[in-house]
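Q: Provided herewith is a single structure, encoded as structure tokens, for subsequent inquiry.
In full-length UniProt numbering, the protein residues as written are 1 to 264.
Right, dumping it as structure tokens:
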């Protein structure tokens with residue numbers, strides 16, 4: 001015989017079985033929404049990526065006419081120095097001012113020890129020897145503290161065409177081929193410096209108006225007398241009415257760029 005009560009009980013059990021499934025479905029929907037919100041919050045809190053407009057091209061330095069002449073003294077090849085080899089040079093009637101490796105040593109120390117370089121804003125350094133050789137000094141070089149040790153490294157460079165780090169085998173100094181312009185970026189703005197230039201500028205104001213799209217290249221003489229050649233420069237300026245040693249001139253340039261790029 002058919003029992004209506006039994007049918008109602010059966011229906012009630014079916015509904016009870018279905019209800020938990022609906023609850024689980026709602027929980028899953030809620031979890032998905034929470035995950036989407038969390039994901040959205042993670043995206044909003046992600047580090048800001050700087051636009052290309054904030055990218056700066058690091059400075060490049062060319063040190064021209066450096067006094068790094070080698071000679072045979074007491075059966076040993078060395079970089080001649082007017083302090084150590086004065087008698088040897090005078091006997092050969094040489095001008096002592098043409099044998100000043102200390103000038104380029106101090107100039108390199110000025111650049112490599114600067115806050116500008118420590119901030120990673122020196123892209124490359126090139127040295128043109130007065131005898132025609134050109135070599136590159138990597139900005140990561142920890143330059144020798146004394147001129148004598150520096151001359152020993154340069155002597156090795158002239159003999160082997162490169163000098164590597166002993167622990168990492170990384171190239172620190174290397175001889176490169178001319179013209180030096182082949183190693184410069186296409187967006188380079190090359191500035192030659194000499195006190196003989198008729199264009200006297202305040203170096204901080206001069207660089208402050210440059211766009212970050214430009215790659216600044218400074219050509220500074222590393223000799224006692226003479227001036228840098230301006231045949232491949234875009235501008236030719238003076239930063240002082242009086243002759244300045246290379247290290248002081250470079251110090252002014254580095255400080256001006258540090259102020260412009262807020263690296264200090």
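We treat Cβ as the ideally placed atom computed from N, Cα and C, and that holds for glycine.
A quick note: this is a predicted structure, and the numbers were derived from the prediction, not measured.
Could you check which residue in 118, 227, 239 has the C-alpha nearest to that of residue 203?
A: Closest by C-alpha distance to residue 203, out of 118, 227, 239, is 239.
Q: Would you tell me roughly how many angstroms separate the C-alpha atoms of residue 132 and residue 213, rounded to the nearest one?
A: 32 Å
Q: Using only alpha-carbon positions, find the residue among 198, 196, 207 that is nearest to residue 190.
A: 207
Q: Using the C-alpha atoms, what's the distance from residue 124 back to residue 249?
A: 18 Å
Q: Using DSSP's beta-bridge definition, name the partner residues of residue 162.
A: 174
Q: Label residue 142 either buried or exposed according to how many other C-beta atoms from any shown protein chain fall within 10 Å of its C-beta, with 16 as the threshold for buried.
A: exposed
Q: Applying the 10 Å Cβ sphere with the 16-neighbour rule, what's the burial state of residue 171?
A: exposed
Q: Could you pull out every residue in the same chain whose Cβ sits closer than 7 Å to the Cβ of residue 77, ignoring the five residues on either side in sequence?
A: 70, 155
Q: Could you give the distance in angstroms between the alpha-carbon of residue 104 and the alpha-carbon of residue 150?
A: 10 Å
Q: Whose C-alpha, out of 177, 152, 140, is nearest the C-alpha of residue 168?
A: 140
Q: Flag this pair as yes or no: are the beta carbons of residue 157 and residue 173 separated by less than 8 Å?
A: yes
Q: Mind the definition here: the stretch 114 to 122 touches the stretch 88 to 105 only if three or more C-beta pairs lie below 8 Å; say whether that holds.
A: no
Q: In angstroms with no decimal places, state the Cα-to-Cα distance between residue 162 and residue 137.
A: 10 Å
Q: Under 8 Å, do residue 121 and residue 185 count as touching if we go by C-beta distance?
A: Contact flag unset, no.
Q: Keeping to the same chain, check which residues put their C-beta closer than 8 Å to that of residue 199; ignore five residues upstream and five downstream.
A: 235, 236, 237, 238
Q: Following the continuous beta strand (DSSP E) through residue 136, name the residue where it begins and the one where it ends.
A: 134 to 137
Q: Leaving out the 5 sequence neighbours to the left and right, which residues in its chain are closer than 8 Å to residue 164 when beta-carbon positions are compared?
A: 170, 171, 172
Q: Using the C-alpha atoms, what's the distance from residue 110 back to residue 196?
A: Straight-line Cα distance between these residues: approximately 23 Å.
Q: Just to confirm before moving on: does the CB-CB distance between residue 228 and residue 64 stay below 8 Å?
A: yes
Q: Would you call residue 81 buried or exposed, if buried means 16 or more other Cβ atoms sit within 10 Å of its Cβ?
A: buried
Q: Run through DSSP, which three-state label would residue 154 get?
A: helix
Q: For residue 49, count neighbouring Cβ atoms within 10 angstroms of its own Cβ and tell me buried if that reaches 16, exposed if not.
A: Model confidence at residue 49 stands at a pLDDT of 34, short of 50, so the residue's coordinates are unreliable; what they give is reported in the following sentence. Note on residue 49: under 16 other CB atoms within 10 angstroms of its CB, so exposed under the neighbour-count rule.
Q: If you follow the beta strand (DSSP E) that residue 237 is in, where does it begin and where does it stop?
A: 235 to 237
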